[in-house]
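S.K.: Supplied in C-alpha cells, the structure appears directly below.
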Amino acid sequence: MDAVFDYGGRTGYEPISDADRKEFHEQGFLLLRNVLTEDHRAALEAAVDRVYAEERAAGRTTKDGTLHLLGFLERDELFGELLTHPIAFPYMWGLAGWNIYSHHNHLDVTPPAAEPEKPYWGWHQDGYRQNSDPETMDPNLPRPMFSLKVAYVLSDLSETGRGATKVIPGSHLWNSLDRPEDLTVHNPDPEGTVEITANPGDAFIFDRRQWHSRSTNLSTITRKMLFVGYTYRWIRPLDELHIDKDGEWWANRTPVQRQLCGEGTHTANYWGINWDGYIDNEIPLRKELKERDLLDRSIPWLR
Numbered sequence: 001m002d003a004v005f006d007y008g009g010r011t012g013y014e015p016i017s018d019a020d021r022k023e024f025h026e027q028g029f030l031l032l033r034n035v036l037t038e039d040h041r042a043a044l045e046a047a048v049d050r051v052y053a054e055e056r057a058a059g060r061t062t063k064d065g066t067l068h069l070l071g072f073l074e075r076d077e078l079f080g081e082l083l084t085h086p087i088a089f090p091y092m093w094g095l096a097g098w099n100i101y102s103h104h105n106h107l108d109v110t111p112p113a114a115e116p117e118k119p120y121w122g123w124h125q126d127g128y129r130q131n132s133d134p135e136t137m138d139p140n141l142p143r144p145m146f147s148l149k150v151a152y153v154l155s156d157l158s159e160t161g162r163g164a165t166k167v168i169p170g171s172h173l174w175n176s177l178d179r180p181e182d183l184t185v186h187n188p189d190p191e192g193t194v195e196i197t198a199n200p201g202d203a204f205i206f207d208r209r210q211w212h213s214r215s216t217n218l219s220t221i222t223r224k225m226l227f228v229g230y231t232y233r234w235i236r237p238l239d240e241l242h243i244d245k246d247g248e249w250w251a252n253r254t255p256v257q258r259q260l261c262g263e264g265t266h267t268a269n270y271w272g273i274n275w276d277g278y279i280d281n282e283i284p285l286r287k288e289l290k291e292r293d294l295l296d297r298s299i300p301w302l303r
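Taken in order, the sequence shown gives residues 1 to 303; the numbers are from the UniProt record's numbering.
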C-alpha cells in the first residue's frame, strides 16, 4: 500500500548518524522529535480510539479504563505501516541489523488516575528470562541487548505527571538496580531518573536493558502510545499475532514488513543462513540493504 503521508522522500533506508549510534549505546535511549507528521499522528490516534472502543465494549480494559493491548499490529492498516516507518525504521536496522522482526508490540491507553497510586516498585528491564539465562557470574559484564523498542507518542506528554515512561540514562549497562526493602512506603525514584516528556508526534527508542518504569497519569489528559519492539529472528515471539494470511492487511505488506511479522522460508532462515551454512541474501531486509549498498562490515550486525 502506498504511503499517504508526506515524509519528504524519506524511505526508511537512510543510515543513522554516528552521533545517534554513540548516544544510544551510551545512554540506552534516544528521544526523536517530530517523527510523525501531524496528519499521520492524528490518523493513528483515530485508529487507537477505534480499537480502544472495541476493546472496552468487549470488557477487555481495566476497571479504570486502562488498556495494554499486546499484538496490536494487525488491527489497522496504519499499524502495519509503522513496521517500516521512514524516520524510525533506520534506527531499528541501524542498531540491531537485518536479521530482525517484531516479537512484541503493544497499544497503551492510560486515562487520568482517579487518585495517586499507593507506593509501588515499577522499575524493570524488559526481556524476562533474557535477564537470567545468558547472564555471566561477572556483575560488571552487561547482558546482551537482544531487543529494542520504538515508542510513538500520540498524546501530549510534554509535562511531567502525565503517565510518561521514566528511565535512568546509562542504566542499560547495569545488571541490577537497588530498591527499597519496604515497598509499602513511599519509594523515591532512583538517582538519575528522567521522565521522558515528549510532544505529540515524537518518539523514543530504548534498549530493552534500560531500567525503566511507568508513571501515574495525574493529569487531565489520556495518555496514548504505540510501542513496537524488534528482536532477532532466532528469538521466539513474545506476543501472538492473529494475521489472516488471506486478508487485505497481509496482502498489503511488503516483503520486508512480512519478515518483520515473522515470516521465513525455513528454520535455518531465521538464523540468517541457508542449509548450506552460508548467509541467505534473499532475506528481505538484508536484500534491501545490500541493494542500497548499506551493509557495513565494520558494524557486526550489518555484515
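Glycine is no exception: its CB is placed at the ideal position from the N, C-alpha and C atoms.
To which residues of the same chain is V48 closer than 8 Å at the C-beta, ignoring the five residues directly before and after it?
M.R.: So the list reads L107, V109, L154, K224, L226, once near-sequence residues are dropped.
S.K.: What whole-angstrom Cβ distance do I205 and Y91 have, given they're in contact under 8 Å?
M.R.: Right, their Cβ atoms sit about 5 Å apart.
S.K.: How long is the line joining the alpha carbons of R292 and V4, rounded to whole angstroms?
M.R.: Cα to Cα, R292 sits roughly 23 Å from V4.
S.K.: Taking the alpha carbon of R209 as the reference point, which residue from G59, P255, W174 has its own alpha carbon closest?
M.R.: When each option's Cα is compared against that of R209, the closest is W174.
S.K.: What is the DSSP secondary structure of Y7, reduced to helix, strand or coil?
M.R.: Looking at Y7 - three-state DSSP - the assignment turns out to be coil, as it is neither helix nor strand.
S.K.: Given 8 Å as the limit, is there contact between the segment 68-87 and the segment 239-251, that is, 3 or more CB pairs closer than that?
M.R.: Touching, yes, given that three or more Cβ pairs across the two stretches are closer than 8 Å.
S.K.: Looking at the secondary structure, which residues open and close the beta strand (DSSP E) in which D204 lies?
M.R.: According to the sequence displayed, residue 204 carries Phe and not Asp. Looking at the DSSP string, the run of the beta strand (DSSP E) that includes F204 is 203-207.
S.K.: Short of 8 Å in beta carbon distance, which residues of its chain neighbour L260, apart from the five on each side in sequence? Order them along the chain.
M.R.: Cβ within range, chain order: L83, T84, I100, Y101, S102, Y230, L285.
S.K.: For F24, does the three-state DSSP call read helix, strand or coil?
M.R.: Helix at F24.
S.K.: Using CA atoms only, rank isn't needed, just tell me which of V185, D246, S171 is closest to S213.
M.R.: Of the candidates V185, D246, S171, the one whose C-alpha sits nearest the C-alpha of S213 is S171.
S.K.: Near V167, which residues of its chain fall below 6 Å by C-beta distance, leaving aside the five closest residues on each side in sequence?
M.R.: Counting only Cβ-Cβ distances below 6 Å, and skipping sequence neighbours, we find F29, V194, Q210, H212.
S.K.: With D138 as the anchor, note down where its alpha helix (DSSP H) starts and where it stops.
M.R.: Neither: D138 is in no alpha helix (DSSP H) and is coded neither H nor E.
S.K.: Find out if the Cβ-Cβ distance for the pair P142, P134 is shorter than 8 Å.
M.R.: No, the Cβ-Cβ distance between P142 and P134 is not below 8 Å.
S.K.: Can you tell me where the alpha helix (DSSP H) with A57 in it begins and where it stops?
M.R.: 38-57 is the extent of the alpha helix (DSSP H) around A57.
S.K.: F29 by DSSP, collapsed to three states: which one?
M.R.: Strand, per DSSP.
S.K.: Output needed for R10: all residues of its chain with C-beta closer than 8 Å, excluding positions within five of it in sequence on either side, in chain order.
M.R.: Contacts found: P86, I87.
S.K.: Cβ atoms of A96 and W271: under 8 Å apart, would you say?
M.R.: Going by C-beta atoms, W271 is not nearer than 8 Å to A96.
S.K.: For the segment 128-183, list the alpha helix (DSSP H) runs that are entirely contained and at least 4 residues long, ordered along the chain.
M.R.: Runs of the alpha helix (DSSP H) inside the segment 128-183: none found.
S.K.: What residue range does the alpha helix (DSSP H) around G80 cover?
M.R.: Looking at the DSSP string, the run of the alpha helix (DSSP H) that includes G80 is 77-81.
S.K.: Could you check what DSSP says for L69 in three-state terms: helix, strand or coil?
M.R.: Looking at L69 - three-state DSSP - the assignment turns out to be strand.
S.K.: Please give the ranges of any beta strand (DSSP E) in the segment 217-253, keeping only runs that are unbroken, at least 3 residues long and fully inside the region.
M.R.: Counting whole runs of 3 or more residues, the segment 217-253 contains the beta strand (DSSP E) stretches 223-232.
S.K.: Would you list the one or two residues that DSSP bridges to L107?
M.R.: According to DSSP, which records beta bridges pairwise, L107 is partnered with L69, L226.
S.K.: Among the residues of its own chain, which have a CB less than 7 Å from the CB of P15, if the five just before and after it don't count?
M.R.: The answer, listed in chain order, is P90, G94, L294.
S.K.: On the CB-based measure, 16 or more other CB atoms within 10 Å of its CB, does A164 come out buried or exposed?
M.R.: That one is buried.
S.K.: Which one or two residues does DSSP pair with Y101 in a beta bridge?
M.R.: Beta-bridge pairing links Y101 to T231.
S.K.: Three-state secondary structure (DSSP) at E195?
M.R.: Strand, per DSSP.
S.K.: Go ahead and label I283 buried or exposed: buried means 16 or more other beta carbons lie within 10 angstroms of its beta carbon, across all protein chains shown.
M.R.: By the neighbour-count rule (16 or more Cβ atoms within 10 Å), I283 is buried.
S.K.: For T184, collect the residues of the same chain with a Cβ closer than 7 Å to its Cβ; drop the 5 residues on either side in sequence, then sort them by chain order.
M.R.: P119.
S.K.: Ordered along the chain, which non-local residues of its own chain (more than five positions away) have a Cβ less than 8 Å from that of R56?
M.R.: Contacts found: G65, L67.
S.K.: Would you grab the beta carbon distance between Q257 and G80 for me? Rounded to a whole angstrom, and I think it's under 8 Å.
M.R.: Indeed they touch by this definition, with Cβ atoms about 6 Å apart.
S.K.: For I273, which beta-bridge partners are listed by DSSP?
M.R.: The partner list for I273 (beta bridge, DSSP) reads I279.
S.K.: To which residues does DSSP link S298 through a beta bridge?
M.R.: Per DSSP, none; premise fails for S298.
S.K.: Could you pull the DSSP bridge partners for S17 from this structure?
M.R.: Answer is none; S17 lacks a bridge partner.
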